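Down below is the structure, laid out as structure tokens.
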Amino acid sequence: MTAALRPGMRVRVRRWDPPGHVRTPFYTRGKIGEVVAEIGPMPNPEHLAYGRHDRPPVRFYRVAFPAGGLWSNATFPDDLVIVDLAEHWLEPLEQQP
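Going by the working numbering, the first residue of the sequence shown is number 1, and it counts up by one from there.
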């Protein structure tokens with residue numbers, strides 16, 4: 001399983017509202033952040049919530065968002081909010097270096 005994203009890449013979180021358990025915070029959907037680390041493949045919590053332990057692992061990334069990019073009324077808009085997100089939720093905004 002090869003990483004599709006690299007630290008430093010800008011990504012957009014998919015605007016998606018699938019039924020059932022979703023681990024991706026709603027406030028990040030449609031927002032742009034920067035990959036700061038690859039966490040690696042692990043079981044998908046969206047499947048584990050339903051006892052689907054036989055599904056293949058998914059790759060997770062740590063993504064940083066400026067607080068002002070998530071909330072228009074952020075008291076400290078330049079603070080970073082770090083969120084761990086599954087690769088299938090992320091759309092790269094640029095090609096890999």
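In this text, a Cβ means the ideal position worked out from N, Cα and C, and glycines have one as well. Computed from a predicted structure; not experimentally measured.
Assign residue i to buried or exposed, taking buried as 16 or more other Cβ atoms, counted over all protein chains shown, within 10 Å of its Cβ.
| i | result |
| --- | --- |
| L90 | buried |
| R59 | buried |
| Y61 | buried |
| T75 | exposed |
| R85 | Looking at the sequence provided, one finds Leu at residue 85 rather than Arg. Under this definition L85 is a buried residue. |
| G8 | exposed |
First and last residue of the beta strand (DSSP E) that includes residue i?
| i | result |
| --- | --- |
| L80 | L80 to A86 |
| L90 | L90 to P92 |
| V13 | R10 to V13 |
Subject >> Inside the segment 43–81 only - beta strand (DSSP E) runs reaching at least 3 residues >> reply: With a minimum length of 3 residues, the continuous beta strand (DSSP E) runs that stay inside the segment 43–81 are 58–66.
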